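Below is one structure, written out as structure tokens; the observations come after it.
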Amino acid sequence: MDRAIIDEVQRAPELLLAIKESVDTDQRPGGFLLTGSANLMTLPRVADSRAGRMEVVRLLPLAQSEIRSAEGNFLLDAFRNEVKTGDAVIGDALVTTVLAGGYPEALGRKTWSRRQDWYMHYIQAIVQRDVRDVAQIEQIAQMPRLLRILAEHSGQLVNYSGIGAAIGMNHITTQKYVGIFENLFLARTLQPWFSNKLKRLTKTPKVHFLDSGPRVPS
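Given below as structure tokens:
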């Protein structure tokens, strides 16, 4: 076998040893393309067997520039002080943009109700199936409620005690479960920016949903 693409590899950890042996035997790059809906490098059996043998590319939901087929790179343009301003998205257009999110499958649905249905089923699949692929969970029934609370806290300072208190979950378990949502690319905690690098590490981070679409059905 010269090339192979394996989707959702986190569900088949038994393949990893065979892949490792194959790569050790034939070290030409590009022999395997592994994809997954979870951060593979946080899964012990994946990380242990692939350390130093793989490159990771994270594909996030579509940015507005991609959806609108706009040219340029916002970050590069910002650093060059060359940000191009287009027509402002305000009012109903802004609401529609936020509700639509950036997942291609959802954007392919032309009505809001169909997009909402897609996001609802997407979240259900993650909670009922994908969570078990990345962690052993004692309170799996609480995950949907925690996700809804986390959505309401998006963009705010992380307070694990406050987030978990609403569902009777202690701050240690809450922090663990928020980390699971990060590994499933639903959320991300970001440290604040300071010129003092130590402050960046010690100050309270904020939690953000990676896309606005999944926040809405919750």
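Letter 78 of the sequence shown, counting from 1, is numbered 82 in the numbering used here, and no numbers are missing.
No residue lacks a Cβ here, since even glycine has one placed at the ideal position from N, Cα and C.
The model shown is predicted, which means the values in this text are computed figures rather than measured ones.
Tell me the residue span of the beta strand (DSSP E) that contains residue i.
i	result
R192	191-194
K210	210-213
V8	Strictly speaking, residue 8 in this sequence is Ala, with Val absent from that position. A8 -> beta strand (DSSP E) spans 8-10.
F198	Note, F198: premise wrong, no beta strand (DSSP E); not H, not E.
Where residue i and residue j are concerned, what is the direct C-alpha to C-alpha distance, given to the nearest angstrom?
i	j	result
V87	F78	7 Å
S158	P17	32 Å
A82	S69	14 Å
D134	R152	17 Å
A169	L150	10 Å
L21	D6	17 Å
G34	Q143	39 Å
S222	L202	Any reading at S222 must be qualified, since the residue scores a pLDDT of 49, below 50, and its modelled position is unreliable; the value itself is stated next. Their Cα atoms are separated by approximately 36 Å.
I130	R62	18 Å
L37	G95	43 Å
What are the boundary residues of the alpha helix (DSSP H) that includes residue i?
i	result
H125	116-129
K180	175-187
F83	78-83
V27	20-29
I153	147-156
I71	68-71
A104	95-104
L64	Where L64 is concerned, there is no enclosing alpha helix (DSSP H), given that its DSSP letter is neither H nor E.
I167	164-169
L4	It is not possible to answer for residue 4, since the shown part of the chain is limited to 5 through 222.
L205	201-206
R57	Note, R57: premise wrong, no alpha helix (DSSP H); not H, not E.
For residue i, count neighbouring C-beta atoms within 10 Å of its own C-beta (all shown protein chains included) and say buried if the count is 16 or more, exposed if not.
i	result
D11	exposed
N187	buried
W116	exposed
Quick check: is the beta carbon of residue i nearer than 8 Å to any beta carbon in chain C?
i	result
V99	The structure shown has no chain C; it contains just one protein chain.
Are the segment 174-184 and the segment 22-30 touching, with three or more C-beta to C-beta distances below 8 Å?
no
With a cut-off of 8 Å, do at least 3 Cβ pairs link the segment 98-106 to the segment 209-218?
yes
If we count Cβ pairs, one from each stretch, closer than 8 Å, do we get three or more for the segment 178-195 versus the segment 137-148?
yes
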